[in-house]
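Going by our numbering, the sequence shown opens with residue 73, and the numbers climb by one from there.
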Amino acid sequence: MSTQASAQASVHAPAKVSTAAQKSVSGTSGQAVTRVADFYGTYVDAKGDYTVPDVTLTAALRKHYLTPAFAKRLAAWEKKNGADGILRAQNVPARWMVSDNGTVGNGHEVIVTLTFGSGETTQKTKLFVLLERYNHIVDIDTTSAR
73 MSTQASAQAS VHAPAKVSTA AQKSVSGTSG QAVTRVADFY GTYVDAKGDY TVPDVTLTAA
133 LRKHYLTPAF AKRLAAWEKK NGADGILRAQ NVPARWMVSD NGTVGNGHEV IVTLTFGSGE
193 TTQKTKLFVL LERYNHIVDI DTTSAR
């Protein structure tokens, strides 16, 4: 369930300059940014399997990462708005990016930028994810708690 795997394969080849783009993803256990990146990466993958979205996995992710109180508030938001509260949308983003926004009280805020669509027709949504000091998500909003 982790997005902490390297996307670069290890291949032995004659020494020459490669023009291929190399990408990697890394994280640190217990770090707020890594935790939110792991959650969103797996959640988007589970929701984005259009042939058969993995509803069992998305439910398990919510139970593992969200506080029970926030899960209840989120369900009410989803019923009222007719959208997925984790993504604040009815569809699944094509890309996502996670960045640190620092401490807020006893918690930590992480910015998640979701990009929907492709080519020239993209829309970005910025979400502010607040984690309590024990690394459970206590809020997701479109405005910062800072």
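We put the CB at the ideal spot given by N, CA and C, even for glycine.
Computed from a predicted structure; not experimentally measured.
(Q) Going by DSSP in three states, K95 sits in which element: helix, strand or coil? (A) coil
Q: Output the boundary residues of the beta strand (DSSP E) element that contains D156.
A: Taken as a continuous stretch (DSSP letters only), D156 belongs to no beta strand (DSSP E), as it is neither H nor E.
(Q) Extract the residue ranges of the beta strand (DSSP E) inside the stretch 175-215, only unbroken runs of 3 or more that lie entirely within it. (A) Within the stretch 175-215, the runs of beta strand (DSSP E) at least 3 residues long that lie entirely inside it are, in chain order, 179-190, 193-203, 209-213.
Q. What is the DSSP secondary structure of R167, reduced to helix, strand or coil?
A. strand
Q. If you run the structure through DSSP and keep just helix, strand and coil, what is D117?
A. Note: D117 maps to helix in three-state DSSP.
Q: Could you pull out every residue in the same chain whose Cβ sits closer than 6 Å to the Cβ of I212, ignoring the five residues on either side in sequence?
A: The answer, listed in chain order, is L199, V201.
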